[in-house]
Each structure stands twice: as structure tokens, then as C-alpha cells.
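Below is one structure, written out as C-alpha cells; the observations come after it.
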Amino acid sequence: MMSKRKQIWIISITTLLVIYLFFFPNPTAELAVRKHLFFSLHPIKALSVHVKETGSTSFGGAKLFYVDEVSKSFIWVKKNWLGYRVITDGSGP
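Using the working numbering, read the sequence shown as starting at 75 and increasing by one per residue.
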């Protein structure tokens, strides 16, 4: 059996990792798009679809990405000092 102290450390580290994955931006724009798809109830498509950067910029420097096979296929991703995050999505640019 594990000691109480070791269990507390494992629970603390796991909690910090979960908080980081859910709330902090991602290191790449493609991972930000895939995370957005996963939390938009498209978990299988988040792993299997092809994410394309269109080269278009707007919204103060945000980049537009296109994803096939989802209803809101245009996704805007913006970079800040922590990483990339999705700012909006929609069915057209």
C-alpha cells in the first residue's frame, strides 16, 4: 500500500496536469484546433481530420484554419505569450 504522503503527491500532480490541459493555451496552433474539436463533442474527428492553415489573418493577428467534416469548419486561432488558443469558430470566414 502507498503511504498517505505519496497518494497526496500523485493526486496533486494529476490535478495540476488536468487543469493545465483544460485551461491553458497549447504550444502549437494545430493542437489548439484539435483540443477545440475534442471539447466541441468531436473527439474522434479531433484525432483523425486534416487541419489546414488558410494563410488568412484577422482579429488582431489571429490565423484562420480550415477543418473538413465538421459543421463549424473555420476556426480562428490566436497566439499570446502562453501559447495558442481558439478565439472563435464558424461555418464561413
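Where is the CB? At the ideal position from N, CA and C, for every residue including glycine.
- Val160 places its beta carbon less than 8 angstroms from that of His110.
- Leaving aside the five residues that flank Lys146 on each side, the residues in its chain whose CB is nearer than 8 angstroms to its CB run, in chain order, Ser114, Asp163, Gly164, Ser165.
- Straight through space, the alpha carbons of Val144 and Tyr158 are spaced by roughly 21 angstroms.
- Per DSSP, Trp155 lies in no beta strand (DSSP E) and is assigned neither H nor E.
- Taking the C-beta atoms as reference points, Ala106 is found nearer than 8 angstroms to Val151.
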